[in-house]
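Residue numbers (our numbering), protein chains in the order written: chain R, 27 to 305; chain V, 1443 to 1505.
Pasting the structure below:
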């Protein structure tokens, strides 16, 4: 039976308690939330950190504290940790990688191009940074999760694959419905998948839909043979007019959809097999 | 990294209703139109630095 991986993105860089009081913000809150989501079926946890004021930060001490709390309090938890490299627009190339070098998570995000950010700023991923990050991730044993906000970023990944900056098999996260990125429609999801299969054959993929496109992308991912990311980084609403009670609520819904479709929810061990990770 | 829904906030010039449309629904026919009377809204703010202080009072046109 086909296995579908659930990634939970618990926190992100933007939602605050005023957007949803249930967003985990501190290392202790994030560690407990990751554990609860693992018990609900998440195989991968995509981690962002916040500073003491609640703003996105790439402070490696926050990442370290979270990992230590998770391991100390829940040694049974074998969830795959996937750490962001894009948690603060003002971070330097160095601070975007320092936590990967020290903590060596199994996965890290790799935003494969630059774009406008919220119609007001720039989300810069300079070629020099991407080349350096790709080489470092190979050296440090961190598998890139290639975040593609539009098809051009898939083409960019193909270039880095040919150049040796990235190593096959690749794993993509299609980021659907973000402002300034590709809208989250089924037609666009199919196009992203086909573009990936054309340019980077043999790759695996996951997706998420921001806001109103979340459910369409959840069902689309399962039906098209991909994997799915859910969580409050992408949506603070569980349904129209209903704030999410927890990240677990999102994971449980994804697990229900996967099982009702006829697939099985991948365990972390099965996800490692699918993604080619060596723990 | 993602950043949630990007909102455009409107006020209806006909009936005064406050409403918002997310750019993730930009292809919807209801985008930017008053959900009460159907008039084209007057743009008064967006996500980020120009978010209205009473942003929670705006009805989502996709609801």
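Glycine included, C-beta positions come from ideal geometry on N, C-alpha and C.
Inspect the beta-carbon positions of residue i and residue j and report whether they are closer than 8 Å.
i	j	result
residue 105 of chain R	residue 133 of chain R	no
residue 250 of chain R	residue 169 of chain R	no
residue 1454 of chain V	residue 1483 of chain V	yes
residue 253 of chain R	residue 92 of chain R	no
residue 237 of chain R	residue 203 of chain R	yes
residue 291 of chain R	residue 67 of chain R	yes
residue 38 of chain R	residue 1444 of chain V	yes
residue 1383 of chain V	residue 205 of chain R	Outside the shown range of chain V (1443 to 1505) lies residue 1383 of chain V, about which nothing can therefore be said.
residue 178 of chain R	residue 207 of chain R	no
residue 1503 of chain V	residue 1461 of chain V	yes
residue 194 of chain R	residue 187 of chain R	yes
residue 48 of chain R	residue 270 of chain R	yes
residue 199 of chain R	residue 146 of chain R	no
residue 71 of chain R	residue 36 of chain R	yes
Helix, strand or coil, according to DSSP, for residue i in the structure here?
i	result
residue 96 of chain R	helix
residue 256 of chain R	strand
residue 243 of chain R	helix
residue 1447 of chain V	coil
residue 222 of chain R	helix
residue 127 of chain R	helix
residue 1502 of chain V	strand
residue 291 of chain R	strand
residue 304 of chain R	coil
residue 1460 of chain V	strand
residue 202 of chain R	strand
residue 215 of chain R	helix
residue 1467 of chain V	helix
From which residue to which residue does the beta strand (DSSP E) around residue i run?
i	result
residue 174 of chain R	169-174
residue 1488 of chain V	1484-1488
residue 192 of chain R	Run containing residue 192 of chain R: none; DSSP gives neither H nor E here.
residue 106 of chain R	106-109
residue 144 of chain R	Unbroken run through residue 144 of chain R: none, as it is neither H nor E.
residue 135 of chain R	133-137
residue 1497 of chain V	Per DSSP, residue 1497 of chain V belongs to no beta strand (DSSP E) and is neither H nor E.
residue 233 of chain R	230-235
residue 263 of chain R	263-265
Quick one: give me the first and last residue of the alpha helix (DSSP H) that residue i is part of.
i	result
residue 159 of chain R	153-166
residue 275 of chain R	273-287
residue 180 of chain R	177-189
residue 1473 of chain V	Counting along the chain, residue 1473 of chain V falls outside any alpha helix (DSSP H), and DSSP gives it neither H nor E.
residue 1478 of chain V	That residue, residue 1478 of chain V, is in no alpha helix (DSSP H); it is neither H nor E in DSSP.
residue 301 of chain R	294-301
Decide if residue i is buried, meaning its Cβ has at least 16 other Cβ atoms within 10 Å, or exposed.
i	result
residue 259 of chain R	buried
residue 1448 of chain V	buried
residue 152 of chain R	exposed
residue 220 of chain R	exposed
residue 167 of chain R	exposed
residue 136 of chain R	buried
residue 130 of chain R	exposed
residue 1496 of chain V	exposed
residue 224 of chain R	exposed
residue 85 of chain R	buried
residue 283 of chain R	buried
residue 1476 of chain V	buried
residue 12 of chain R	Because residue 12 of chain R is not part of the residues shown, which for chain R are 27 to 305, the question remains open.
residue 148 of chain R	exposed
Unbroken stretches of the beta strand (DSSP E), 3 residues or longer, contained in the stretch 32-93 of chain R: 32-35 and 70-73
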